[in-house]
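According to this note's numbering, the stretch in the sequence shown is residues 99 to 999, in order. In this text, a Cβ means the ideal position worked out from N, Cα and C, and glycines have one as well. Predicted model only: the values in this text are computed from it and were never measured.
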Amino acid sequence: MKKILLVDGNSLLFKSFFGTAYTGNILKTSTGIPTNAVFAFTNSLLKVLQADNYYDVKIAFDKGKETFRHKHMPDYKAGRADTPIDLIPQFKIVREMLIAANIEYFELDLIEADDIIGTMVAKIENTTDYYIDILSTDKDMFQLISDKTTVIKTDSKTNSIIKTTKLELKNLWGISPNQVPDFKGISGDSSDNIVGVKGIGEKGAQKLLNIYSTLENIYSHIDELSPKEKEKFIQSKEVAIKSKYIATIKKDINLHVEFDGVNINNEALKLFFKKYEMKKLLAIIDQKINNLNIEKISNIELISKFNLSMFNEHNYIYLETMDANYHTSDVIGFAISNQTGIFVFDGANHDIDLFNWKDEKIKDEELQKFLLDETKLKYTYDIKKIITAFKNMGYDVAEKSFVFDFMLACYLIDANVKSTFANHVSLISNNSIQIEESELIFGKGIKRTAFIDKEIKKNYLGNCAHILREFIQPTLNRLDEYNLRTLYEQIELPLAFCLLRMEQTGVLIDKQELMLQTETIYKQLNNLTDKIKLQLNDFINDDFNIASPKQLADILFNKMKLHDESKKQSTDLENLQKIESDTLVIKDILSYRKLSKLYSTYLKGFEKYIRSDGRVHSIFTQGLTQTGRLASSDPNLQNIAIRDELQKQVRKIFITTNDKILLSLDYSQVELRMIAELAPEYNLIKLFNDEIDVHKDTATRIFNLKSIDDVTPVQRSIAKTINFSIIYGKTIFGLSQELNIKISDAKKFIDRYNELYPDVIQYKQKLINEARQNGFATTITFRRRNIDELFSENKNIQQFGERAAVNMPIQGAAADLLKMAMVNLEDELNKNNLNAKMISQIHDEIILEVSKIDFEKTKSIAINCMENAFKNICEKFNLKIDQKINFTVSTSSGNNWYELK
């Protein structure tokens, strides 16, 4: 039996665009032609074709916005956002690609791609020669599923192919393929603006179809329904029947198609890739990888035991863990490459558990000697992960022998690129060398496994270590080219070791306080649930779920007829706040959401992170944000609220031991001080150096008050919003929305601010002009962020680029200030042999756990390190800046985080 691939062209192209646009993978030619959607479309198509032995492939496109369905339902697909400007020219380019590749595509006036594919399926299924795969994310296609037809889609995160068969559809929706139009006719489809039967959701549709099979049969047995259901079906009968018709894919359009085998024109396709500068795809077609054929490295050796002769002066280590949380994860395997060879150690495929090395009888002594040998230099990808993994396996490690982190270096070279080994290899090789993502080899989530084919694992791990060895020097060259070597060597690399120790120390948890708060919030949630359901009793069914945005929107906007200013039936925080005064239940719904997040994320959700030492060990990531700020995960310790009193109570669970005390050091208004220093804005500098409340001063001037003592808390809050909003490019409209004031008043505020601080405005424009000229923004430490958005034809995207061009140099400089302080602080704590450790970093704050004996000395040293960090940066980066402002630090202490601040 032959297999045919039918592709929903519009579905794949839109998915390709939104999956890559403005997420760090923006692709444009040197002349500015956007190609990200075409690149991802082509890459996905080639991968799917390679994944299965397809006999032929056909593509179907929508030809225009108007179809025959609009004659029956004029508002069909109404409300969809306009097609992005950068996608519009790619519709033509993707068809050019298909012509070059010799892949046939179809598009017909007034006909949708669904109907073209439906007709093809009908033609094919009338024969006995073919199976069919339909590549689409459109769930309408599920009605075409049969014993011979499967709907598939690609998972961009795992690069795997997800298949929906009759069985999967039954598990997903509880119906058969031929019931999909009935299902849509009842439950509707918001993506296509199909209404269905108002008040009957997916569960209700599934239940009724399991009893009556079709929509028409439901109406034939209308008297058997409950009174509420009967009323809803009667009121929506015309719409429901029409909705089912609209959702039904036609299978009988006039279409001539022949399946005579796929025959890709590689030469024409290569010319297309050259024309649009798609080097990675060109390399795939050429089947050559820049003189480094990673598929044919011959000296990869799978070993079960090390000996010292395997190690050289320079060693390149690549290691894979089972999941991202390397504090708790098992190790899949690792490889070491050097002049002697490439050695892969794989514990999963051996008879004994070689990764249970905390047992001294099992530990590999030669490997232990290597890890402790400071003369054997180690080059890695993600130093923190690798050192932690070895320590978790029971090994001692000479941290000083780890001298290079490929991940951190690549992050500095382009912070827009997601930090994965495969992405960074492509970055340094300019897309001419490729390695599969780890998830494609070992799987993702619960499907991830170390038990794969030995040869595949050996080759993958060995290739990664080999590429690491080949790429160190080109990476250093790129760092030098971008003037990033000092930032890497003086801040990022030493900070990695600082964070490593901070992670391993962890934060102590008060388990009793956690349990008490968890039980209290759980009871409050149950009470709120009962209260909300009672208030909504006239509008809800038994299966009503407060946490379902779709069900809630239906209740509020369709049944209760509340005013929907957004016109999108959104139940997000902003929209609910706008209708809070319309009905008392909204206040309770908002409270429920707050408590639910508190319970699931910071109380019940925190239990799984507590280790045997009673502490949580977060991961502090350097290679994530585009401004250089650190991120925290597993768990996120940077998102513990301090302003909302209820949420602030959670901070009581973070404690210390009786002989120690927690010390918090927080930069005061560091970003405002940084822009005052860098602009320089002398009006701001004077305020800070005279220790005047900058927000009160701004309020005094904006509201024309006589004295700073006349400023009310509300006026100060407004001035604070203005100070930060205007610095980062908030528009007049945006400021009016945030402050809930008239546009004319917002304009007056901004005009007045510009008069007060003219040098800030001039500095902002200077940053925008430099970013537009260079294509990237930089901090004083030469940290850079590429800003392709500045060159978009879309005005909104351009404005985002302008805000980023201002935001990044300021936030980035503030981030580097804190990082420099952390590096210096750890050095000073070690030099003075103090019993004090950093345990967390939150925004502009450092938290330490200090013995009571060393508290005062530690506090003094920490303040000094933080206040002198800007001076240290100027010295290390040879900056000719005459520091004009003090970067002051506020401190607090206590036995738990609640007492800090």
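Annotation for residue 416: the continuous beta strand (DSSP E) segment containing it runs 412 to 419.
A distance below 8 Å separates the beta carbons of residue 153 and residue 102. DSSP places residue 875 in the uninterrupted beta strand (DSSP E) bounded by 874 to 876. Cβ-Cβ separation between residue 924 and residue 562: approximately 31 Å, too far for a contact (criterion under 8 Å). Scanning its chain for C-beta atoms nearer than 7 Å, with the 5 sequence neighbours on each side dropped, one finds around residue 585 the residues 510, 879, 880 and 881, in chain order. Secondary structure at residue 985: coil, using DSSP grouped into helix, strand and coil.
Rounded to whole angstroms, the Cβ separation of residue 523 and residue 533 is 5 Å, and the two are in contact under 8 Å. Using a Cβ-Cβ distance cut-off of 8 Å, the region 496 to 510 and the region 465 to 485 are in contact, since at least three pairs of beta carbons, one from each stretch, lie closer than that value. Of the candidates 162, 109, 232 and 181, the residue whose Cα lies closest to the Cα of residue 209 is 162. For the region 275 to 308, the continuous alpha helix (DSSP H) assignments of 4+ residues that do not extend past its boundaries occur at 278 to 285, in sequence order. If you look at residue 760, you'll find it in the beta strand (DSSP E) that goes 758 to 765. Uninterrupted beta strand (DSSP E) stretches at least 3 residues long and entirely within the region 519 to 604 do not occur. For residue 884, the enclosing beta strand (DSSP E) starts and ends at 882 to 884. Runs of beta strand (DSSP E) with 3 or more residues, each lying fully within the region 683 to 727, are found at 717 to 719, listed in chain order. The continuous stretches of beta strand (DSSP E) do not include residue 642, and DSSP gives it neither H nor E. Taking a cut-off of 8 Å on C-beta distances, the region 408 to 419 does not touch the region 711 to 723, as fewer than three cross pairs fall below it. In this structure, residue 982 lies away from residue 825, with their beta-carbon atoms at least 8 Å apart. The Cβ-Cβ distance between residue 727 and residue 909 falls below 8 Å. Cβ atoms of residue 589 and residue 918 come within 8 Å of each other, at about 6 Å. Its chain contains 317 as the residues whose beta carbon lies nearer than 8 Å to that of residue 335, once the 5 sequence neighbours on both sides are disregarded; these appear in chain order.
When the five nearest sequence neighbours on each side are left out, the beta carbons in the same chain lying within less than 7 Å of the beta carbon of residue 858 are those of 773, 777, 779 and 825, in order along the chain.
When only Cα atoms are considered, residue 577 and residue 922 end up about 23 Å apart. Straight-line measurement puts the Cα of residue 703 at about 31 Å from the Cα of residue 302. Secondary-structure assignment with DSSP links residue 934 through a beta bridge to 948.
DSSP lists 208 as the bridge partner or partners of residue 165. Judged by DSSP in its simplified three-state form, residue 230 adopts strand.
Per DSSP, the beta bridge partners of residue 203 are 157. A buried status is given to residue 486, since no fewer than 16 other beta-carbon atoms sit within 10 Å of its beta-carbon. By the C-beta density criterion, residue 207 is exposed, having fewer than 16 other C-beta atoms within 10 angstroms. Per the DSSP secondary-structure output, residue 478 pairs in a beta bridge with 415 and 503. The residues 260, in chain order, have a CB closer than 7 Å to that of residue 253 in the same chain once the five nearest residues on each side in sequence are set aside. Nearest neighbour of residue 764 by Cα position, chosen from 792, 946 and 659, turns out to be 946. The residue among 520, 470 and 132 with its C-alpha nearest the C-alpha of residue 496 is 470.
Using a Cβ distance threshold of 8 Å, residue 133 and residue 125 count as a contacting pair. By the CB criterion at 8 Å, residue 139 and residue 185 fall outside the cutoff. Put simply, the region 752 to 771 touches the region 939 to 955. At least three CB pairs are less than 8 Å apart.
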